[in-house]
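If you read the sequence shown in my numbering, its first letter stands for residue 1, the second for the next number, and so on.
Here a beta-carbon is modelled for each residue, glycine too, at the ideal position from N, C-alpha and C.
The structure presented is a predicted model; accordingly, all values stated were derived computationally and were not measured.
Presented below is the structure to which this report refers.
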Amino acid sequence: MLVVVGPASADDRNLRVAWSDQPPYQYLEHNHKREFPTGVDLEIMREAAARAGLSVTFQYQPFGESLRRLAAGDIDAVVGAYDTAARRAYADVSSPYRLGLDRIFLPPDSEIAATDSAAAIAEELRQRGLRLAVVADFDWGADGAAAIETLRRHDLILETDSLPESVAAVLDGAADGFLGDQLSGLALLSLWDAQHINPLPWVVQQRGIHILLARETLPDWQLARFNDALEGMIADGTVDHILQQFTNPLAIGVVFHNSWVEIFFVVGIIAFSISGIVIARQGEYSIFGAFVLASLPALGGGVLRDILLLRKPDFFDAPGMIYTCLLTILVGYLFNRFLDAVRGRALWFFDLVNLFVRLRRRADPRLALEFFDAIGLALFTVVAISITAEEGLAPLWFWGPLIGALSATGGAILRDMIRSEAHNPILHTSFYGETAILWGVLLALFLQFEGPYATTDQVLLAVAFCVGGIIVTRMSFVIFKIPTPKY
1 MLVVVGPASA DDRNLRVAWS DQPPYQYLEH NHKREFPTGV DLEIMREAAA RAGLSVTFQY
61 QPFGESLRRL AAGDIDAVVG AYDTAARRAY ADVSSPYRLG LDRIFLPPDS EIAATDSAAA
121 IAEELRQRGL RLAVVADFDW GADGAAAIET LRRHDLILET DSLPESVAAV LDGAADGFLG
181 DQLSGLALLS LWDAQHINPL PWVVQQRGIH ILLARETLPD WQLARFNDAL EGMIADGTVD
241 HILQQFTNPL AIGVVFHNSW VEIFFVVGII AFSISGIVIA RQGEYSIFGA FVLASLPALG
301 GGVLRDILLL RKPDFFDAPG MIYTCLLTIL VGYLFNRFLD AVRGRALWFF DLVNLFVRLR
361 RRADPRLALE FFDAIGLALF TVVAISITAE EGLAPLWFWG PLIGALSATG GAILRDMIRS
421 EAHNPILHTS FYGETAILWG VLLALFLQFE GPYATTDQVL LAVAFCVGGI IVTRMSFVIF
481 KIPTPKY
């Protein structure tokens, strides 16, 4: 596949750039019936070439084939490569623009006890007869190469053309585990719903990633101009910005692709919907009015966020959110009709009311609603920060919390505006949006400065810290009736 980016001129030649499949660094994006290569490495290559006054043509090739074509002079550059002495024989190596972090991925039933060295892991894999899928011609460092050679002598290595092929081999049963980049491996496993396969704690290697430029086909002035442009991008933060744009949403997405998180997300939508249903019941609204009042706090903030970011609202692709809201409204309507039907007609109804009154004296049921509402506030804030990073808004520590607070509170504000409610509690007394901003800033700062190279456990801890902080802060103001600071 060939994709030409930027106009070529008589003085500046077009760079033929090879890429292979390794999301989020290099992959084919499908958008509006159009396919185009993108990812961290390709966007950095695009920007560096544009700053150097060059154009680029992207060509998909398996990584090993890319290196052979670069050495033969058939292409001009290979992105996303480690620096080795053998490659320096035929290529000029750029400055490192990101870190590569490689690990071995295995299912939990593999029961590998050794995690302190490549030799120990390789020996245990050999003893158990476990096959490892690796991408051909990747450089895995001295320790990784020695481990692979040990397994190769016992026919326990399966070579593939790309990391997606390695992951597919494990899922198909052709291999028992695979070796690859940590974030890319987690992204593919999340995409294919195979999160039971996890990376071992031991890191095979952590080294700088470079762009290889053909020394034989590119004149010295072009090499110098391109390297100067890339170093300028590193210095002014453009490289870090591109990294955050692709890696932070993916890292958070891996954390959120969890059944418990999805359950809490649904609970948050239900809680937001119930808040609108209660208001509709008290105000004697119509069924459509109840739908509006319930759906605005549950979905309205996300719609406002997507309008500002020029995105298609998520519920068009994931209508489950609307289904959840509609089902909540239906259940609420049937429950209200049931209460109306039995009120004053059944003696057991009075017993039920008395039981409710006694329970209410011991525990305010509104606390449960406030708790689930706080869960929704927290999860909606984190999702909005992830989307803000994906859209490339910078600095993330500023825009992320603002978009997060708008997404979590905007729907309820719209609901009260429709009701002509002058005393909006979110804007007056509840310390609601302030909570989202306060904890959102901390999460956004972590993602901006540590996110691209953080492990999944570190991202999970940061997200849990933010979600827990929002819930505890919000419930503290509710339970202890802490007065909200006034302007």
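Check: Could one say the Cβ of L406 lies closer than 8 angstroms to chain D's Cβ atoms, at least one of them?
Finding: Reference to chain D is not applicable here, since this structure consists of a single protein chain.
Checklist line | Terminal residues of the alpha helix (DSSP H) in which E123 lies | finding: Judged by DSSP secondary structure, E123 falls within the alpha helix (DSSP H) whose first and last residues are 118-128.
Notebook entry, point to check: Helix or strand or just coil, what does DSSP make of P37?
Noted result: If DSSP states are grouped into helix, strand and coil, P37 belongs with the strands.
Check: Given that a residue counts as buried once 16 or more other Cβ atoms are within 10 Å of its Cβ, and exposed if not, what is S184?
Finding: Result: buried.
Notebook entry, point to check: Among residues of its own chain, excluding the 5 on either side of L243, which ones have a beta-carbon nearer than 7 angstroms to its beta-carbon?
Noted result: Correct list, in chain order: V40, R98, P452.
Next item on the list: For W221, name the three-state secondary structure that DSSP assigns.
Entry: Taken through DSSP and simplified to helix, strand or coil, W221 comes out as helix.
Next item on the list: Assuming L158 contacts A174 (C-beta within less than 8 angstroms), just tell me the rounded distance between them.
Entry: Between L158 and A174, the beta carbon gap of about 6 angstroms places them in contact (Cβ cut-off 8 angstroms).
Margin query: Just verifying my parser: in three-state terms, what is the DSSP assignment at A532?
Written below: No statement about residue 532 is possible, as the shown extent of the chain runs from 1 to 487 and does not include it.
Checklist line | Stretch pair the stretch 203-210 + the stretch 123-130: three plus CB contacts closer than 8 angstroms | finding: Cβ pair count under 8 angstroms is below three, so no.
Item checked: Through-space distance from D306 to L339, alpha-carbon basis -> Going by the C-alpha atoms only, they are around 39 angstroms apart.
Next item on the list: Would you kindly report the start and end of the unbroken alpha helix (DSSP H) that includes D314?
Entry: Counting along the chain, D314 sits inside the alpha helix (DSSP H) bounded by residues 314-317.
Margin query: In the DSSP assignment, the alpha helix (DSSP H) including H210 goes from what residue to what residue?
Written below: Counted as a single uninterrupted DSSP element, the stretch harbouring H210 is not any alpha helix (DSSP H) but the beta strand (DSSP E) occupying residues 198-214.
Checklist line | DSSP-derived helix/strand/coil call for Q22 | finding: For Q22, the three-state secondary structure derived from DSSP is strand.
Check: Taking three-plus beta-carbon pairs below 8 angstroms as touching, is the stretch 209-217 in contact with the stretch 70-81?
Finding: A contact is defined here as three or more CB-CB pairs under 8 angstroms, and the stretch 209-217 meets this definition with respect to the stretch 70-81.
Next item on the list: Give the DSSP bridge partners of I157, in chain order.
Entry: I157 pairs with L132.
Checklist line | Segment limits, alpha helix (DSSP H) that includes I426 | finding: Unbroken alpha helix (DSSP H) run through I426: 425-428.
Next item on the list: Output the distance between the C-alpha atoms of G411 and L334, rounded to the nearest integer angstrom.
Entry: Answer to the nearest angstrom: the Cα atoms are 25 angstroms apart.
Check: Would you report the Cα separation of T473 and I387, rounded to the nearest angstrom?
Finding: C-alpha separation (whole angstroms): 24 angstroms.
Next item on the list: Please classify A174: does DSSP put it in a helix, a strand, or coil?
Entry: Of the three classes helix, strand and coil, the one that applies to A174 here is coil, per DSSP.
Next item on the list: Note the first and the last residue of the continuous beta strand (DSSP E) segment covering E29.
Entry: Counted as a single uninterrupted DSSP element, the beta strand (DSSP E) harbouring E29 occupies residues 27-31.
Check: Are the stretch 281-289 and the stretch 466-483 in contact at 8 angstroms, needing three or more beta carbon pairs?
Finding: Between the stretch 281-289 and the stretch 466-483, the count of C-beta pairs closer than 8 angstroms stays below three; the two stretches do not touch.
Next item on the list: Enumerate, from N- to C-terminal direction, the unbroken alpha helix (DSSP H) stretches of 4 or more residues contained entirely within the stretch 385-413.
Entry: For the stretch 385-413, there is no continuous alpha helix (DSSP H) assignment of 4+ residues that stays within its boundaries.
Notebook entry, point to check: Do the CB positions of I471 and A374 come within less than 8 angstroms of each other?
Noted result: Contact flag set, yes.
Checklist line | beta strand (DSSP E) segment containing F105, residue limits | finding: Boundaries of the beta strand (DSSP E) harbouring F105: 98-106, taken from the DSSP string.
Next item on the list: Would you decide whether N31 is buried or exposed? Buried here means 16 or more other CB atoms lie within 10 Å of its CB.
Entry: The residue is exposed, with fewer than 16 neighbouring Cβ atoms inside 10 Å.
Check: Taking Cβ to Cβ, would you say I322 is nearer than 8 angstroms to A294?
Finding: The answer is no: Cβ separation not under 8 angstroms.
Margin query: Checking the sheet assignment: what are the DSSP bridge partners for D181?
Written below: Paired residues: D102.
Next item on the list: Would you tell me roughly how many angstroms separate the C-alpha atoms of D172 and I274, rounded to the nearest one?
Entry: Between D172 and I274, the alpha-carbon positions lie close to 44 angstroms from each other.
Item checked: Limits of the beta strand (DSSP E) - the one that D139 falls within -> Taken as a continuous stretch (DSSP letters only), D139 belongs to no beta strand (DSSP E), as it is neither H nor E.
Check: How many Å lie between A18 and G232 at the Cα?
Finding: Between A18 and G232, the C-alpha separation is close to 23 angstroms.
Checklist line | Range of the contiguous alpha helix (DSSP H) that encloses D74 | finding: Here D74 belongs to no alpha helix (DSSP H), and DSSP marks it neither H nor E.
Notebook entry, point to check: Can you tell me the Cα-Cα spacing of N198 and S162, whole angstroms?
Noted result: Cα to Cα, the separation comes out at about 19 angstroms.
Note to self: Suppose the cutoff is 6 angstroms on Cβ atoms and the five residues either side in sequence are ignored; what does the same chain contact list for D240 look like?
What the structure shows: Excluding five sequence positions before and after D240, none of the CB atoms of its chain fall closer than 6 angstroms to its own CB.
Next item on the list: Output the boundary residues of the alpha helix (DSSP H) element that contains A91.
Entry: For A91, no alpha helix (DSSP H) run applies; the uninterrupted beta strand (DSSP E) run containing it begins and ends at 91-93, by DSSP.
Notebook entry, point to check: Would you report the Cα separation of I403 and Q61, rounded to the nearest angstrom?
Noted result: Taking the Cα positions, I403 is about 39 angstroms away from Q61.
Check: Roughly how many angstroms lie between the CA atoms of G433 and T484, to the nearest whole one?
Finding: Whole-angstrom Cα-Cα distance: 11 angstroms.
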